[in-house]
Amino acid sequence: MTMTRRTRAEDFLELVERGRRGRLKLYIGFAAGVGKTYRMLEEAHALKRRGVDVVLGFVETHGREETQALVEGLEAVPRKPYTYRDVTVEELDLDAVLARRPQVAVVDELAHTNLPVCRHRKRYQDVQELLDAGINVIGAFNVQHLESLNDLVERTTGVTVRETIPDSFLKGADQVVNLDLAVEDLHERLKAGKIYAEDKVPHALERFFKGENLSTLRELALREVAESLDRATAGQPSRAGDESLQKGAAWGRVLVALSSYPPRAATLLRRGSRMAGRLNTDWFVVYVETPREAPHLIDSEAQRHLLANIEKAKELGAEVVRLRAKDPVEAILDFARSHGVGHIIVGRSHQPWWKRMLGRAADVRLLREGEGFDIHVVAFEPPHEERRP
Numbered sequence: 001m002t003m004t005r006r007t008r009a010e011d012f013l014e015l016v017e018r019g020r021r022g023r024l025k026l027y028i029g030f031a032a033g034v035g036k037t038y039r040m041l042e043e044a045h046a047l048k049r050r051g052v053d054v055v056l057g058f059v060e061t062h063g064r065e066e067t068q069a070l071v072e073g074l075e076a077v078p079r080k081p082y083t084y085r086d087v088t089v090e091e092l093d094l095d096a097v098l099a100r101r102p103q104v105a106v107v108d109e110l111a112h113t114n115l116p117v118c119r120h121r122k123r124y125q126d127v128q129e130l131l132d133a134g135i136n137v138i139g140a141f142n143v144q145h146l147e148s149l150n151d152l153v154e155r156t157t158g159v160t161v162r163e164t165i166p167d168s169f170l171k172g173a174d175q176v177v178n179l180d181l182a183v184e185d186l187h188e189r190l191k192a193g194k195i196y197a198e199d200k201v202p203h204a205l206e207r208f209f210k211g212e213n214l215s216t217l218r219e220l221a222l223r224e225v226a227e228s229l230d231r232a233t234a235g236q237p238s239r240a241g242d243e244s245l246q247k248g249a250a251w252g253r254v255l256v257a258l259s260s261y262p263p264r265a266a267t268l269l270r271r272g273s274r275m276a277g278r279l280n281t282d283w284f285v286v287y288v289e290t291p292r293e294a295p296h297l298i299d300s301e302a303q304r305h306l307l308a309n310i311e312k313a314k315e316l317g318a319e320v321v322r323l324r325a326k327d328p329v330e331a332i333l334d335f336a337r338s339h340g341v342g343h344i345i346v347g348r349s350h351q352p353w354w355k356r357m358l359g360r361a362a363d364v365r366l367l368r369e370g371e372g373f374d375i376h377v378v379a380f381e382p383p384h385e386e387r388r389p
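Counted from 1, the sequence shown has number 135 at position 135 by the working numbering; the numbering is strictly sequential.
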């Protein structure tokens, strides 16, 4: 088990007793069955023994006997049934937890997408409201649900993860614990029926629980928590305008150049988030509005995609900057020079071949004119299903 910051129950209690906003502790795993829920329940019992008012906001045992046994003796806020399109689903009762106002709430499966009739779209957003209300939260999710890893997970495992959590949520955690387990041990747990029902085991072994998939996800989890530890110990670099600004690329601030309607904007944003995380630095998403791309001139679909991409960038922790200029490349480079940027990420241009030959495409110009910067041109791969033979 890998830990960042302080992770024992009594250490978390010290954090709980400070500040008005709730504290967040996250358990991260690389697959179902590594023990995230089990460990959260163990910690809940430990906190209760120390006199802490702790409740279960939402815990999913998946019928696992060992985990279910730990639910006994802990207060659980009843789930709230919601009906949508003639289907009834039990969700976290956010208002009930807020009204109960415990010191600590345990909330499982943070990447879960709520029904459209719920107040928030995602469960992690429910947790953010609890934190804002001063309620401390212990939660869990698997590493493949991190937004910035979405493309990498699909490319390396062939599995498309639909539900994601923005990296900014992880970065805001006060404590992070990685629950590690050898792949062989996880396979034994699976075959022994401790993760899924017996009839689901063969399919799981052929798909998500293939050895190479689990090894990849385990490595990602270990790396992510190690980088989280680096961010916690190194602290955040100075903002633009400080002495560090003069160091430019030494700090390696990251800039993602976003057009009004890029075909795979999410891939660019995830790449920027990952790079900024590894460099432990700030990152910007810069959109340059040219005269012909004024809001009243671009079509509604392009405007909708632009707004969605800006919102996604904010979720991933970027500072979004909107510039107005006739020449996007010149504006991007001017901004980069004045804000200590060391790395510029841009998608491969889809402009006509003759513009590329003449050196007028945006990516070609950035490579030619961006002296002093590391320019990263992202070549988008076709969707996974199109790559299958």
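Positions of the beta carbon are idealized from the N, C-alpha and C atoms, including for glycine.
- Ranked by how close their Cα comes to the Cα of A204, the residues V159, V77 and Q68 have V159 in first place.
- Per DSSP, G347 is one residue of the beta strand (DSSP E) stretching across V341 to G347.
- Rounded to whole angstroms, the Cβ separation of E315 and P166 is 4 Å, and the two are in contact under 8 Å.
- A direct Cα-Cα distance of roughly 25 Å separates K80 from E42.
- Here E154 is near V161, since their CB atoms are less than 9 Å apart.
- A Cβ-Cβ distance of about 19 Å is found for the pair L214 and V177, leaving them out of contact under the 8 Å criterion.
- Within 10 angstroms of the beta-carbon of L307 lie fewer than 16 other beta-carbons, which makes it exposed.
- The beta carbon of D53 sits closer than 6 Å to the beta carbons of P102 and Q103 from its chain, once the five residues preceding and following it are set aside; these are given in chain order.
- Here DSSP, grouped into helix, strand and coil, assigns T164 to coil.
- Q103 sits in coil when the DSSP states are folded into three classes, being neither helix nor strand.
- Judged by their CB atoms, A265 and G347 are nearer to each other than the 9 Å cut-off.
- Under the three-state reduction of DSSP output, T113 falls in the strand class.
- Apart from sequence neighbours up to five positions away, the residues of its chain that approach F209 with a beta-carbon distance below 8 Å are A31, L186, H187 and L190, ordered along the chain.
- The way I'd put it, the stretch 64 to 71 doesn't touch the stretch 89 to 96; fewer than three beta-carbon pairs between them come closer than 8 Å.
- Fully enclosed beta strand (DSSP E) runs of no fewer than 3 residues occupy 175 to 178 of the stretch 160 to 218, in order along the chain.
- Beta-bridge partners assigned by DSSP to K80: E91.
- Here H376 carries a strand assignment [DSSP, helix/strand/coil].
- L110 places its beta carbon less than 9 Å from that of F141.
- If one requires a minimum length of 4 residues, the alpha helix (DSSP H) runs lying completely within the stretch 23 to 65 are 36 to 49, in chain order.
- Y287 is the residue among Y287, G342 and V329 whose C-alpha sits nearest the C-alpha of R322.
- Here P116 is exposed, its C-beta having fewer than 16 other C-beta atoms within 10 Å.
- If one requires a minimum length of 3 residues, the beta strand (DSSP E) runs lying completely within the stretch 276 to 319 are 283 to 289, in chain order.
- Rounded to whole angstroms, the Cβ separation of R253 and H339 is 7 Å, and the two are in contact under 8 Å.
- V107 and V341 have their C-alpha atoms roughly 38 Å apart.
- Distance from the CA atom of R21 to the CA atom of A105, rounded to whole angstroms, is 14 Å.
- Cβ contact annotation for K48 (same chain, cutoff 6 Å, sequence separation greater than five): V54, in chain order.
- A straight-line Cα-Cα distance of about 27 Å links L26 and Y82.
- The beta carbon of T88 sits closer than 8 Å to the beta carbons of P81 and Y82 from its chain, once the five residues preceding and following it are set aside; these are given in chain order.
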